[in-house]
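If you count by UniProt numbering, then the sequence shown holds residues 1 to 271, one letter each, in order.
Okay, structure first, notes after.
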Amino acid sequence: MSEAVQFNATTQVTPLHELKALTGWAASTGDSVVKVIEKQKVEADVWVQTAVDLINTMEIQTRIEKAHPNLLFVHGWLIPEPEVIHVLMEKADSDVTTALQENVLPLKTRLKIAEDVANGLNALHSAHYVHQDVKADSILLMKDGTAKINMAKPEKPFERTRQGTPFHLSLEMHKNHGKGQASDCSYDIYAFGALLWVLCEGSGNRRPQAYDRYGTVAAMKLAVEKEIYPERPVEANEACWELMTKCWRQRCVLTVHEVCKEMEDILHCIQ
Numbered sequence: 001m002s003e004a005v006q007f008n009a010t011t012q013v014t015p016l017h018e019l020k021a022l023t024g025w026a027a028s029t030g031d032s033v034v035k036v037i038e039k040q041k042v043e044a045d046v047w048v049q050t051a052v053d054l055i056n057t058m059e060i061q062t063r064i065e066k067a068h069p070n071l072l073f074v075h076g077w078l079i080p081e082p083e084v085i086h087v088l089m090e091k092a093d094s095d096v097t098t099a100l101q102e103n104v105l106p107l108k109t110r111l112k113i114a115e116d117v118a119n120g121l122n123a124l125h126s127a128h129y130v131h132q133d134v135k136a137d138s139i140l141l142m143k144d145g146t147a148k149i150n151m152a153k154p155e156k157p158f159e160r161t162r163q164g165t166p167f168h169l170s171l172e173m174h175k176n177h178g179k180g181q182a183s184d185c186s187y188d189i190y191a192f193g194a195l196l197w198v199l200c201e202g203s204g205n206r207r208p209q210a211y212d213r214y215g216t217v218a219a220m221k222l223a224v225e226k227e228i229y230p231e232r233p234v235e236a237n238e239a240c241w242e243l244m245t246k247c248w249r250q251r252c253v254l255t256v257h258e259v260c261k262e263m264e265d266i267l268h269c270i271q
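As structure tokens, then:
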């Protein structure tokens, strides 16, 4: 996560004890879970990004002044020894990719997930932050089915996903990410369109056929430069398809507030 460019934010973030890591779950307490992060078990950039994201998450939670129903809540963390961090956070039941792969989710359930994500993004953007890695692997499902954006997972947007080479990255993201330029809300708008595609497709396994020839990140950059977009999923109705294409083609002018309104209208029409 990073602060959005249009707000000219200047918050300085200092990594905790040179934080650089992430591993598995250590223990759970009620509806919360402790995630143990060890520097030696993860890549250096992941350790650093984890520190940045934890600090940013606490700042976001301060800015919105309460727990948001569609953002995974981080209670806090402690450092029991110099290169280990324990993060206390809400306990999720599954992630969206796993849920799609293991269950046949009704279309209305999948679209409710999309609406939840849009609402979570609206809160993030209102707090002047951009997530930068909105994808099925980064969305968690709670026991009651509510979808929440994972606020404790360091973004790795160029990393291979369980659908294959990532296709949720806009041209601007390909060009600017990691090059010292501030993030833009359009990153999340474009990615939301790709997430909606995954949810409408429904299996959690497939990439768009439009990208069959584009199997690397470099090739995907060429595809988006050529404005090659995914084909329409079979289960996507006209309104869903129109919203997807808006997210891709109008990403620089479409706001997440408008996306939320369209998702609300779409769900209202689904029986």
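Just so you know, even glycine gets a beta-carbon here, dropped at the ideal spot from N, CA and C.
Here the structure is a predicted model, which is why all the values come from computation and not from measurement.
Counted within 10 angstroms of its Cβ, other Cβ atoms place residue i as buried (16 or more) or exposed
| i | result |
| --- | --- |
| residue 66 | exposed |
| residue 294 | Since the first and last residues shown for the chain are 1 and 271, residue 294 lies out of range. |
| residue 145 | exposed |
| residue 312 | Because the chain in this structure spans residues 1 to 271, residue 312 falls outside the shown range and cannot be described. |
| residue 159 | exposed |
| residue 119 | buried |
| residue 222 | exposed |
| residue 75 | exposed |
| residue 253 | exposed |
C-beta atoms of residue i and residue j nearer than 8 Å
| i | j | result |
| --- | --- | --- |
| residue 132 | residue 183 | yes |
| residue 251 | residue 149 | no |
| residue 92 | residue 124 | no |
| residue 87 | residue 77 | yes |
| residue 257 | residue 70 | no |
| residue 136 | residue 96 | yes |
| residue 90 | residue 126 | no |
| residue 247 | residue 193 | yes |
| residue 129 | residue 56 | yes |
| residue 174 | residue 224 | yes |
| residue 167 | residue 106 | no |
| residue 255 | residue 154 | no |
| residue 195 | residue 134 | yes |
In DSSP terms, what residue i is bridged to
| i | result |
| --- | --- |
| residue 37 | 85 |
Contact test: residue i Cβ vs the ligand SAM heavy atom, cutoff 7 Å
| i | result |
| --- | --- |
| residue 201 | No copy of the ligand SAM appears in this structure; indeed no ligand is present at all. |
Q: Mind listing, in chain order, the continuous alpha helix (DSSP H) runs of no fewer than 4 residues lying wholly within the region 133–187?
A: Runs found: 171–176.
**Q.** beta strand (DSSP E) runs wholly inside the region 196–247, at least 3 long, in chain order
**A.** none
Q) Fully enclosed by the region 70–102, which beta strand (DSSP E) runs are 3 residues long or longer? A) 74–81, 84–90
Q: Decide yes or no for the touch test of the region 234–246 against the region 196–208: beta carbon pairs closer than 8 Å, at least 3 of them.
A: yes
Q: Specify whether the region 258–268 and the region 238–247 touch according to this definition: at least 3 beta carbon pairs, one from each stretch, less than 8 Å apart.
A: yes
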